[in-house]
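To keep things clear, I will list the structure first and then write my remarks on it.
See below:
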């Protein structure tokens, strides 16, 4: 008997934005392991090349049967975002001749957490461009470039601060809440294509390397203590949420929380 569950993504065409590191790379890795053909995108061509090399080294047999396409797309360039996204979708579908089955955007930039006294419209727009405005703009291209079916999906990324605000995190809370609203609205406007959101908690990614070792352990302890599992998330943990949302054809307009139970404390 052929596998009924593990082959659900076999030969599916999956576009992942922010795929060169952290959660995005883990989602790309998991989708490739499940038999998908990948289109991966980020703002840096060198990082894309290195990501392809990592996947080829990890999955040499699959690399012979499945395809990985790359395309540079700078989501932070608000002035050219519409053009950049159209070029991405054209490249991802070979000019519209091949439909996408799934899109997952995990792209993010440095968290913008200005103090209330320092808020400006420019700071607000800057903080929202990659995480909220870019996914909203992607949606306008989905009817043309994604297979119109409940087996297709669009997954966006928010954060647990939308459900659990913290002092000094007003902007992050607002963005995460807006992303949830965006996904729920798009689930209606893009039907039958499914739209969902993943809200990660504290996840240890390459971003943590920016902190000195003496600070890092203290930060990780705070994150561990704020969870009920006593752990910090791994990108591989979060990847399961995105893969699930691609595979379950009956889930849409929904939120997956992966935060180690931090909302309970």
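Numbering (full-length UniProt numbering), first residue to last: 1 to 265.
Glycine included, each C-beta is placed from N, C-alpha and C at the ideal position.
Taking only the alpha-carbon atoms, compute the straight-line gap between residue i and residue j and give it to the nearest angstrom.
i           : j           : result
residue 30  : residue 117 : 43 Å
residue 51  : residue 43  : 13 Å
residue 158 : residue 179 : 6 Å
residue 12  : residue 167 : 42 Å
residue 57  : residue 39  : 18 Å
residue 91  : residue 261 : 40 Å
residue 148 : residue 205 : 34 Å
residue 7   : residue 245 : 15 Å
residue 110 : residue 208 : 12 Å
residue 199 : residue 256 : 6 Å
residue 215 : residue 224 : 14 Å
residue 123 : residue 174 : 13 Å
residue 25  : residue 55  : 9 Å
residue 100 : residue 253 : 20 Å
residue 41  : residue 212 : 29 Å
residue 20  : residue 71  : 12 Å
Following the continuous beta strand (DSSP E) through residue i, name the residue where it begins and the one where it ends.
i           : result
residue 17  : 13–17
residue 251 : First-last for residue 251: undefined, no H or E at that position.
residue 38  : 37–42
residue 157 : 153–157
residue 52  : Segment 45–58 is the alpha helix (DSSP H) holding residue 52; no beta strand (DSSP E) there.
residue 69  : 68–72
Does the Cβ of residue i have 16 or more other Cβ atoms within 10 Å, making it buried, or fewer, making it exposed?
i           : result
residue 144 : exposed
residue 269 : An answer regarding residue 269 cannot be provided, because it is not within the stretch 1 to 265 covered by the chain.
residue 1   : exposed
residue 196 : buried
residue 162 : buried
residue 186 : buried
residue 164 : buried
residue 5   : exposed
residue 132 : buried
residue 61  : exposed
Could you spell out the range, first to last residue, of the alpha helix (DSSP H) harbouring residue i?
i           : result
residue 84  : 81–92
residue 141 : Unbroken run through residue 141: none, as it is neither H nor E.
residue 170 : 170–189
residue 27  : 22–33
Worksheet item: Is the segment 131–147 touching the segment 217–234 in the sense that three or more CB pairs, one from each, lie closer than 8 Å?
Response: no
Item to complete: Kindly confirm or deny that the segment 26–42 and the segment 238–246 touch, where touching means at least three C-beta pairs closer than 8 Å.
Response: yes
Practice prompt. Taking only runs that begin and end inside the segment 194–229, name each unbroken alpha helix (DSSP H) of 4 or more residues, in chain order.
Written response: 213–225
Practice prompt. For the segment 11–20 and the segment 97–110, state whether three or more C-beta atom pairs, one from each stretch, are separated by less than 8 Å.
Written response: yes
Worksheet item: Where are the alpha helix (DSSP H) runs, 4 residues long or more, that stay fully inside the segment 94–120, in chain order?
Response: none
Worksheet item: Between the segment 74–85 and the segment 47–65, do three or more beta carbon pairs fall short of 8 Å?
Response: no
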